[in-house]
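Student: First, the structure itself, so that you have it in front of you.
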Amino acid sequence: MEQEFGTVRLRSGHHMPSAGFGTWNPEAGPMYEAVRHALDIGYRLFDTAPSYGTEELLGRALRDSRVPREDVFLTTKLPRGSEYGVRDSLESSLRRLGVDYVDLWLIHWPTSDGTHIETWRKLIDVKNSGRVLVAGVSNFSPRQIDELSSITGHVPEVNQVKWSPALHDPVVLEHSRASAVALQGYSPLRASNVGHSLLDRIATRSGATVPQVVLRWNLEHGITALPRSTTFAHIEENFHASDLKLTRREIAAIDRIAHAARRIRGRGGDRPVGPPN
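Residue numbers (our numbering): 5 to 281.
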């Protein structure tokens with residue numbers, strides 16, 4: 005796995021765009037228009053899941069946009085409780101999306117009883133049928149990924165986790181790099197303190213917005229961020245975060261926000277909240 009301009013090259017050789025667009029829990033009308041606008045300005049990675057209720061509108065927006073299917077990287081997920089119907093779950097997602105394949109298919113959540121290991125085996129079997137290009141997981145810890153890999157012999161190519169400056173975890177990041185598992189970060193803005201003074205100073209210095217600073221910080225670490233918005237101005241603002249430049253000192257300072265946040269939580273403060281993934 006290596007980061008290139010605008011993309012992350014995955015272990016299998018597939019290229020995943022660095023700028024992603026999330027479609028969690030929308031109002032259907034605004035989200036359809038939001039996806040169409042995101043496609044128009046250049047977004048090419050879109051994230052959905054059966055539980056979001058957005059697969060159908062995402063597929064319709066893609067068809068209506070006339071952007072070639074092969075130019076778009078579609079991610080959806082295998083929901084909890086699907087371990088006995090993995091193939092059926094994929095076929096249902098493909099039907100709702102109106103496509104012949106998905107670029108990335110993720111186990112949405114690990115299970116407390118370890119049944120996700122057998123589910124992972126079944127997901128890999130279905131992937132090998134050709135209807136999935138890349139297989140991965142979501143919300144898995146480094147230990148759970150190591151367990152999957154050692155027992156099944158198949159290492160996930162992607163792990164989608166909640167990620168923001170307040171949730172930055174060097175252990176997870178280092179494990180990801182050492183294992184060649186690409187990270188996708190959901191709730192990058194909702195899980196951030198956009199009023200943080202350091203982020204505000206960096207944004208002011210660079211003539212950018214705080215959301216752009218947060219998204220660019222994700223990209224600097226090779227993490228594909230998945231912001232969600234139905235406001236056209238915010239969609240454009242988020243997309244152009246890649247134009248921003250951060251210094252090494254600024255990146256390191258943003259990394260340290262998580263350490264301070266953990267101290268606050270240790271004194272009884274709350275962990276930043278985001279939408280359920």
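Ideal Cβ placement from N, Cα and C applies to all residues, glycine included.
Are the beta-carbon atoms of R100 and E60 separated by less than 9 Å?
Tutor: Yes.
Student: Starting from the C-beta of L49, find all residues in its chain whose C-beta is less than 6 Å away, skip the five residues before and the five after it, and write them out in chain order.
Tutor: If we look at L49 and ignore the five residues flanking it on each side, its Cβ neighbours are P21, G24 and F77.
Student: Buried or exposed: where does E254 fall if 16 or more other Cβ atoms within 10 Å of its Cβ makes it buried?
Tutor: Classification of E254: buried, given that the 10 Å Cβ count is 16 or more.
Student: Which of helix, strand or coil does DSSP assign to K81?
Tutor: In the structure shown, K81 sits in a strand (DSSP, three-state: E or B).
Student: Helix or strand or just coil, what does DSSP make of L248?
Tutor: Of the three classes helix, strand and coil, the one that applies to L248 here is coil, per DSSP.
Student: Could you tell me the distance, in whole angstroms, from the CA atom of S168 to the CA atom of S96?
Tutor: For S168 and S96, the distance between alpha carbons rounds to 32 Å.
Student: What is the DSSP secondary structure of Y56, counted as helix, strand or coil?
Tutor: Three-state DSSP puts Y56 in a helix.
Student: Nearest-angstrom Cα distance between I128 and V159?
Tutor: One C-alpha to the other measures close to 10 Å.
Student: I'd like the span of the beta strand (DSSP E) that includes L110, first residue to last.
Tutor: Its beta strand (DSSP E) spans residues V106 to I111.
Student: Which of the three DSSP states is assigned to P146 in this structure?
Tutor: P146 falls in the helix class under three-state DSSP.
Student: How is N222 classed by DSSP in three states: helix, strand or coil?
Tutor: N222 falls in the helix class under three-state DSSP.
Student: Taking all protein chains shown into account, do 16 or more other C-beta atoms lie within 10 angstroms of the C-beta of I261, making it buried, or fewer, making it exposed?
Tutor: Buried: at least 16 other Cβ atoms inside 10 Å.
Student: Answer yes or no: do L187 and T228 have a C-beta to C-beta separation smaller than 9 Å?
Tutor: Yes. Within cutoff.
Student: Run the CB neighbour count on S201, radius 10 Å, all protein chains shown included, and call it buried at 16 or more, exposed below.
Tutor: Looking at its Cβ environment, which holds fewer than 16 other Cβ atoms inside 10 Å, S201 is exposed.
Student: Is the Cβ-Cβ distance between H112 and S55 less than 9 Å?
Tutor: Result yes, Cβ atoms of H112 and S55 sit closer than 9 Å.
Student: Leaving out five residues on either side along the sequence, give the residues of the same chain with a beta carbon under 7 Å from the beta carbon of E240.
Tutor: If we look at E240 and ignore the five residues flanking it on each side, its Cβ neighbours are I45.
Student: Span of the alpha helix (DSSP H) holding L177?
Tutor: P174 to S183 is the extent of the alpha helix (DSSP H) around L177.
Student: Quick check on the burial criterion: 16 or more other C-beta atoms within 10 angstroms. Buried or exposed for A182?
Tutor: Under this definition A182 is an exposed residue.
Student: With distance defined between alpha-carbon atoms, name the residue in A170, H238, L230 and T251 nearest to R209.
Tutor: Checked all of A170, H238, L230 and T251; the closest Cα to R209 is T251.
Student: Suppose you measure from the CA of E191 to the CA of N132; what does that come to, to the nearest Å?
Tutor: According to the sequence shown, residue 191 is Ser rather than Glu. Going by the C-alpha atoms only, they are around 31 Å apart.
Student: Per DSSP, which residues does N163 bridge with? Please list them.
Tutor: Answer is V141 and L187, bridged to N163.
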